[in-house]
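Worksheet for the structure shown next.
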Amino acid sequence: MILDVKAVVRAHPVLSAVVVTVLWHAALYAAVQVLPRTVPEPSADLVATVANLVAAGVPLAAVALLRWWRQAGLGRPVTRRLRLTVPVLLVNLTYAAPGLTGGAARYAATASLCLAVGVSEEMLSRGVVQRMLWPLGRTRATVGVAVLFGLGHALSAVWFSRPWDDSVVQVVTTTAFGFAYAALRWHLGSIWPLVVLHAMDDFFQLRSPGAAPLWWQAAVVLVFVGYGGWLLRQPGSATPPAAS
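Take the sequence shown: its letters are residues 4 to 247, numbered as in this note's numbering.
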């Protein structure tokens, strides 16, 4: 059974990546429908945390079925390459520059949510999806991961009826985000540093007193695309073995 599934994934990498992405979103939306919708703050963050953990079951099931524990980036990172995360960390810190709002309880609830989102989305995108697209080559796989990540946020915008102008900005920024993170993932060989960076990015933005100005978001997009492109040109990427 495992060999048959692997053969299908190898034969249809793009379709496999699309299917697992759709299943993840279906699990997320189903969980949101089942869980209570009208809860007081900060309990609302707890509901979203649970929904994201439920959705994480999709990539986790794929990893278990395909036995991709290491190939999907669930192992330890390449320690000497952790320095490559510094530019992304600096971008994250800029969102905290205006200060953070909320008290201790609010911080704890938001941190739990952001960590759950980081684990769930990174396990899906830079874990399972990136491994599925690996046969396409680093550049094409990275672009594929970025596009699916951005389109996934478009699905969320439609599902939750968000304003279209905000949704367009989010799709562009998350696509660039996904591109840089996917390029970084090749070098790290693990999703766990990306989980931390992802959680920090979400935490600082959620607890910021206001959304970053459009010009700043455009600058971040350029930084992410530029840095991701630079990473793809660097040697020594940690890629899974071809036979896996």
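No residue lacks a Cβ here, since even glycine has one placed at the ideal position from N, Cα and C.
Checklist line | Through-space distance from G153 to L68, alpha-carbon basis | finding: 26 Å
Notebook entry, point to check: Roughly how many angstroms lie between the CA atoms of T325 and L96, to the nearest whole one?
Noted result: Outside the shown range of the chain (4 to 247) lies residue 325, about which nothing can therefore be said.
Check: By how many angstroms is the C-alpha of V224 removed from the C-alpha of W218?
Finding: Going from the Cα of W218 to the Cα of V224 covers about 10 Å.
Next item on the list: Return the chain-ordered ranges of every alpha helix (DSSP H) run that is complete within the segment 113 to 188 and spans a minimum of 4 residues.
Entry: 133 to 136, 141 to 162
Notebook entry, point to check: Quick one: Cα of P216 to Cα of Q173, how far?
Noted result: 13 Å
Notebook entry, point to check: Should H201 go down as buried or exposed, given a rule of 16 or more other Cβ atoms within 10 Å for buried?
Noted result: buried
Notebook entry, point to check: Rounded C-beta distance between G147 and L139? I'm assuming under 8 Å.
Noted result: The pair is a contact, with the Cβ atoms about 7 Å apart (cut-off 8 Å).
Check: Taking the alpha carbon of V22 as the point to measure from, which residue in A47, V89, A111, S128 has its own alpha carbon closest?
Finding: The residue with the shortest Cα to Cα distance from V22 is S128.
Checklist line | 4-residue-minimum alpha helix (DSSP H) runs that sit fully inside the segment 25 to 85, ordered along the chain | finding: 46 to 69
Margin query: What ranges does the beta strand (DSSP E) occupy inside the segment 194 to 222, keeping only unbroken runs of at least 3 residues that lie completely in it?
Written below: none
Check: Just how far apart, CA to CA, sit D7 and V37?
Finding: If I take the Cα positions, the gap works out to 34 Å.
Check: When the distance is taken between beta carbons, is A179 closer than 8 Å to L234?
Finding: no
Notebook entry, point to check: From P238 to D48, what distance separates their C-alpha atoms?
Noted result: 41 Å
Next item on the list: Give the secondary structure of P90 by DSSP, where H, G and I count as helix, E and B as strand, and everything else as coil.
Entry: Assignment of P90 by DSSP, reduced to helix, strand and coil, places it in the helix class.
Next item on the list: List the whole-angstrom C-beta distance separating G121 from V198, where the pair is believed to meet the contact cut-off of C-beta under 8 Å.
Entry: 4 Å
Check: Roughly how many angstroms separate the alpha carbons of P80 and A20, rounded to a whole number?
Finding: C-alpha separation (whole angstroms): 23 Å.
Notebook entry, point to check: Which class does L18 belong to by DSSP, given the choice of helix, strand or coil?
Noted result: helix
Note to self: Just to confirm before moving on: does the CB-CB distance between W137 and Y32 stay below 8 Å?
What the structure shows: No, the Cβ-Cβ distance between W137 and Y32 is not below 8 Å.
Item checked: Y110 to A51 span [Cα, whole Å] -> Computed Cα separation, rounded: 15 Å.
Next item on the list: Using three-state DSSP, classify Y110 as helix, strand or coil.
Entry: helix
Check: When the Cα atoms are used, what is the spatial distance from V12 to R134?
Finding: 10 Å
Checklist line | Sub-8 Å separation of T104 and R210 beta-carbons | finding: yes
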